[in-house]
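Residue 0 is where the sequence shown starts when you use numbering that gives the first Met the number 0, and the numbers rise one by one after that.
Positions of the beta carbon are idealized from the N, C-alpha and C atoms, including for glycine.
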Amino acid sequence: MSAGGASAAGRAGRELARAAAGPALCAVAVIGLLSAWVGIGGAGTIDRVQLEVTFAALPASAAPGGTTAPYLTIRNFSGRAYELTAASSPDARRVTVRRRGPGGLVIPARATVTLSPFGSDIELAGTRLPRVGGRVPLTLVFGQAGRVTVESTVTPAGAP
């Protein structure tokens with residue numbers, strides 16, 4: 000290869016590097032901005048999951064239209080406490096949340112709370128439950144954390 004050929008090849012390599020630099024810098028900037036957006040929770044990633052109901056069962060009431068209370072396991076992944084202030088279900092005439100704190104039932108930061116019929120933390124009155132094995136929607140309202148709707152499985156009376 001001649002000196003002129005090597006020089007032309009060097010110029011072509013520099014021009015190629017210069018042409019690729021613009022898109023590469025743009026890609027780095029976009030990845031950085033997207034990472035920051037995800038980091039602050041703007042993307043709705045798993046980082047934003049603050050509360051999760053990991054178990055929901057609703058024992059069948061002894062009498063049609065009777066009263067029952069669910070088994071629920073609520074996990075709080077956030078660094079702050081949340082209060083369960085209300086609950087509702089289309090399959091109950093009334094749903095009551097028993098207050099443990101000033102505004103509701105407190106779910107401490109980074110903790111798991113288990114509710115059961117024995118504590119009567121939540122009570123459904125005037126229920127219209129499907130057969131055992133059926134599903135009942137239950138919407139839980141957590142003050143500033145919003146609403147969480149779970150499907151509770153109907154279990155035999157007295158069973159979790």
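Outcome for residue i when other beta-carbon atoms lying within 10 angstroms are tallied against a minimum of 16
| i | result |
| --- | --- |
| Val-29 | exposed |
| Val-48 | exposed |
| Gly-64 | exposed |
| Val-153 | buried |
| Ser-88 | buried |
| Asp-46 | With a pLDDT of only 45 at Asp-46, under 50, the local geometry of the prediction cannot be trusted, and no value is derived from it. |
| Phe-117 | exposed |
| Leu-83 | buried |
| Leu-195 | Residue 195 falls outside the range modelled here, since the chain spans only 0 to 159, and no answer is possible. |
| Pro-69 | buried |
| Val-27 | exposed |
| Val-131 | exposed |
CB of residue i within 8 Å of CB of residue j, strictly
| i | j | result |
| --- | --- | --- |
| Ala-156 | Ile-121 | no |
| Leu-50 | Tyr-81 | yes |
| Thr-67 | Val-52 | no |
| Ala-151 | Ala-55 | As written in the sequence, residue 151 is Ser, which differs from the Ala given in the question. A contact, by the Cβ cut-off of 8 Å. |
| Leu-139 | Arg-146 | yes |
| Arg-109 | Gly-78 | yes |
| Glu-90 | Val-135 | One point to set straight first is that residue 90 is Asp, not Glu, in the sequence displayed. Yes; because the gap between Cβ atoms is below 8 Å, this pair is in contact. |
Chain D contact for residue i (CB, 8 Å cutoff)
| i | result |
| --- | --- |
| Thr-72 | No chain D is present in this structure, which holds just one protein chain. |
Take every Cβ of the region 49 to 60, pair it with every Cβ of the region 122 to 137, and state whether three or more of those distances are shorter than 8 Å.
The region 49 to 60 is in contact with the region 122 to 137.
Please list the segments of the beta strand (DSSP E) lying wholly inside the region 62 to 86, counting only runs of 3 or more residues, in order along the chain.
Listed in chain order, the complete beta strand (DSSP E) runs (minimum 3 residues) inside the region 62 to 86 are 70 to 75.
Taking the runs of the beta strand (DSSP E) that are 3 residues or longer, which of them lie wholly in the region 102 to 158?
The qualifying runs are 104 to 106, 111 to 114, 121 to 126, 134 to 141 and 145 to 154.
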